[in-house]
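Engineer: Residue numbers (the numbering used here): 55 to 326. Glycine included, C-beta positions come from ideal geometry on N, C-alpha and C.
Structure representation (structure tokens):
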């Protein structure tokens, strides 16, 4: 498997990893600059030449995978018999520098409802490196020609057409997925809020709508839904930045996206 394929596999599995690259070579070395190795928790793909250099790089990569906030690192190796080596001697005679780049698990966002606001929001979030799930019960809003505006997305876009029970998608979303509920149907929104509170592996849950809508939902969630106040407090509404009051779909989308990205940064500085 190529290193590109290995990186894609880790991303699809939602597993962290490290991309190891021979950055520079002086003199003789097992591999030339540009050789790559991908390190996962239990597997590796590719090679930077074997021996002590590769073994030490794998050890350090796995330490980085276990760290909370790993940063890229550059490691230098002298390939001669005068250097104490953890995994044996390499006497090629040259020097090698190796770059280790963390491959974190990307965030996931699910937009339930890809109407006017949902599509504008998808266009913005698609520019981010994340897994973007688009869910709607209407096939026409998920038509290929309508979603063609996302063709050059940096995000990995996953489209889910759910004609009957959109809430069933919640259980299949990756752990920690941030959920945004903005469907065309208030009954569908209510069902999604109830189901989201019963799905503990999700990240934040946001609901679009007015104070009157939320008052009705709170009563339903506490009454027939049987949720306590602490559970109901998981749902954030309204969503978006308070200072942005425009009602145009693109304006609302910018506000919601900015609020979500701010929450992402808060997670990085104060992880739960």
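Between residue 161 and the rest of its own chain, which residues show a CB-CB distance below 6 Å, the 5 nearest in sequence each way excluded?
Structural biologist: Closer than 6 Å at the Cβ level, and outside the excluded window around residue 161, lie 184.
Engineer: Measuring alpha carbon to alpha carbon, tell me which residue in 217, 227, 129 is nearest residue 187.
Structural biologist: Checking every option, the nearest Cα to that of residue 187 belongs to 227.
Engineer: Kindly indicate which three-state DSSP category residue 172 falls into: helix, strand or coil?
Structural biologist: Three-state DSSP puts residue 172 in a helix.
Engineer: Can you tell me whether DSSP reads residue 266 as helix, strand or coil?
Structural biologist: Residue 266 falls in the helix class under three-state DSSP.
Engineer: For residue 166, which residues does DSSP report across the bridge?
Structural biologist: For residue 166, which the question treats as bridged, DSSP gives the partners 189, 235.
Engineer: Just the C-alpha distance for residue 277 and residue 207, rounded to the nearest angstrom, thanks.
Structural biologist: Straight-line Cα distance between these residues: approximately 42 Å.
Engineer: Use the C-beta contact count for residue 240: other C-beta atoms within 10 angstroms, 16 or more gives buried, fewer gives exposed.
Structural biologist: Looking at its Cβ environment, which holds fewer than 16 other Cβ atoms inside 10 Å, residue 240 is exposed.
Engineer: With three or more beta-carbon pairs closer than 8 Å as the criterion, would you say the segment 154-174 touches the segment 97-104?
Structural biologist: No: fewer than three Cβ pairs fall under 8 Å.
Engineer: Give the straight-line distance between the Cα atoms of residue 66 and residue 212, rounded to the nearest whole angstrom.
Structural biologist: Cα to Cα, residue 66 sits roughly 12 Å from residue 212.
Engineer: Is the segment 254-261 touching the segment 289-303 in the sense that three or more CB pairs, one from each, lie closer than 8 Å?
Structural biologist: Yes, they touch.
Engineer: At 3 residues or longer, what runs of the beta strand (DSSP E) sit wholly inside the segment 77-163?
Structural biologist: Taking only runs of at least 3 residues, the beta strand (DSSP E) segments lying wholly in the segment 77-163 are 90-93, 98-100, 127-132, 149-157.
Engineer: Near residue 132, which residues of its chain fall below 7 Å by C-beta distance, leaving aside the five closest residues on each side in sequence?
Structural biologist: Answer for residue 132: 149, listed in chain order.
Engineer: My output table needs one value for residue 289: the three-state DSSP class, helix, strand or coil.
Structural biologist: Three-state DSSP puts residue 289 in a strand.
Engineer: Contact check, residue 303 vs residue 174 under 8 Å by CB: the rounded distance?
Structural biologist: Going by Cβ atoms, the distance from residue 303 to residue 174 rounds to 5 Å, so yes, they are a contact pair.
Engineer: Can you tell which of 169, 89, 119 has its C-alpha closest to the C-alpha of residue 64?
Structural biologist: The shortest C-alpha separation from residue 64 is found at 119.
Engineer: Is the segment 110-125 touching the segment 72-83 in the sense that three or more CB pairs, one from each, lie closer than 8 Å?
Structural biologist: Verdict: yes, contact present.
Engineer: Looking only at C-alpha atoms, which of 181, 110, 68 sits nearest to residue 308?
Structural biologist: Residue 181 is the option with its Cα nearest to residue 308.
Engineer: Can you tell me whether residue 297 is helix, strand or coil according to DSSP?
Structural biologist: Of the three classes helix, strand and coil, the one that applies to residue 297 here is coil, per DSSP.
Engineer: Quick one: what does DSSP say residue 73 is sitting in, helix, strand or coil?
Structural biologist: The answer is strand: DSSP assigns residue 73 an E or B state.
Engineer: By the DSSP assignment, the alpha helix (DSSP H) with residue 257 in it spans what residues?
Structural biologist: No alpha helix (DSSP H) contains residue 257, which DSSP labels as neither H nor E.
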